[in-house]
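Protein chains in written order, with our numbering: chain Z, 2 to 112; chain B, 69 to 182.
As structure tokens, the structure follows; a few thoughts come after it.
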Amino acid sequence: KQEVTQIPAALSVPEGENLVLNCSFTDSAIYNLQWFRQDPGKGLTSLLLIQSSQREQTSGRLNASLDKSSGRSTLYIAASQPGDSATYLCAVKGNTDKLIFGTGTRLQVFP
Amino acid sequence: EPEVTQTPSHQVTQMGQEVILRCVPISNHLYFYWYRQILGQKVEFLVSFYNNEISEKSEIFDDQFSVERPDGSNFTLKIRSTKLEDSAMYFCASSMQGGNTEAFFGQGTRLTVV
């Protein structure tokens, strides 16, 4: 059974820092991995999708990498801003259509 | 930019009542999903729907739940005889295809059962 874990659970940093959020999964047989952002009481905003054949994806200040064989993905946020404060979720899709979500990393960036 | 829309944003219902949560997926998407998130817990899969039928459902999705695509645009989740433990944020999602395509989520409906 696929299990997805995210470390750290919470992170508080000053503005301008470069950050790394970690996601690990137990079954490497995945189709893709998706990173989401969730603001308090709100929906999920898709940030990046990495296919199983890819090593990384970039969007603006965000870069996500995938090492399928070791069951890991990282989300790199460059030059963090207070507006980046949110919970970041990773989710993996296996050989079915459902996404299996991690526990999330709650990020706070202070000015 | 196309988006998934859900109504209502917040629903309060008495225990034992039936509720219908509504979603309008992105128009050219073919796969539809419901997920839920109990406060403080992970987002968890409920059901996927393709070609007018359920393609997969979780253990949570028992006879109390049903889904329907009543017309070409709406996708609904019905919860019969609600229980206190059904209180959660319910998210609708859609994707163009299954497999490798990106899933887009709505803003959620917060269901509170009292």
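Note that CB positions come from ideal geometry on N, CA and C, so glycine has one too.
Beta-ladder partner(s) of residue i, from DSSP
| i | result |
| --- | --- |
| residue 117 of chain B | B:100, B:122 |
| residue 94 of chain Z | Z:33, Z:100 |
| residue 15 of chain Z | Z:111 |
| residue 147 of chain B | B:87, B:133 |
| residue 68 of chain Z | Z:73 |
| residue 164 of chain B | BP columns for residue 164 of chain B are empty, so no partner. |
Whole-number beta carbon distance between residue j and residue i, since they are thought to touch under 8 Å
| i | j | result |
| --- | --- | --- |
| residue 114 of chain B | residue 154 of chain B | So it is not a contact: roughly 11 Å between Cβ atoms. |
| residue 135 of chain B | residue 117 of chain B | 6 Å |
| residue 1 of chain Z | residue 50 of chain Z | This structure cannot speak to residue 1 of chain Z, because chain Z is shown only from 2 to 112. |
| residue 162 of chain B | residue 94 of chain B | 5 Å |
| residue 143 of chain B | residue 91 of chain B | 5 Å |
| residue 11 of chain Z | residue 40 of chain Z | Going by Cβ atoms, the distance from residue 11 of chain Z to residue 40 of chain Z rounds to 15 Å, so no, they are not a contact pair. |
Own chain residues within Cβ distance below 7 Å of residue i, not counting five before or after
| i | result |
| --- | --- |
| residue 29 of chain Z | 69, 70, 72 |
| residue 106 of chain B | 156 |
| residue 123 of chain B | 116, 117 |
| residue 66 of chain Z | 56, 57, 74, 75 |
| residue 112 of chain Z | 16, 83 |
| residue 9 of chain Z | 106 |
| residue 46 of chain Z | 37, 38 |
Cα-Cα separation between residue i and residue j, rounded to whole angstroms
| i | j | result |
| --- | --- | --- |
| residue 133 of chain B | residue 148 of chain B | 6 Å |
| residue 75 of chain Z | residue 174 of chain B | 25 Å |
| residue 44 of chain Z | residue 176 of chain B | 5 Å |
| residue 168 of chain B | residue 146 of chain B | 28 Å |
| residue 23 of chain Z | residue 5 of chain Z | 10 Å |
| residue 95 of chain Z | residue 170 of chain B | 13 Å |
| residue 61 of chain Z | residue 85 of chain Z | 13 Å |
| residue 139 of chain B | residue 53 of chain Z | 35 Å |
| residue 101 of chain Z | residue 93 of chain Z | 5 Å |
Other residues of its chain near residue i: CB distance less than 8 Å, five sequence neighbours each side excluded
| i | result |
| --- | --- |
| residue 83 of chain B | 150, 151, 152, 181, 182 |
| residue 126 of chain B | 112, 113, 114, 115 |
| residue 97 of chain B | 162, 163, 164, 172 |
| residue 137 of chain B | 100, 117, 120, 143, 144 |
Sequence-distant residues of its chain with Cβ nearer than 6 Å to residue i (five each side left out)
| i | result |
| --- | --- |
| residue 36 of chain Z | 48, 49, 65, 76, 91 |
Indicate whether the contact test is met: 3 or more Cβ pairs, each with one atom in the region 79–91 of chain Z and one in the region 10–27 of chain Z, closer than 8 Å. yes
Does the structure place the region 72–85 of chain B close enough to the region 91–106 of chain Z that three or more beta carbon pairs sit under 8 Å? no
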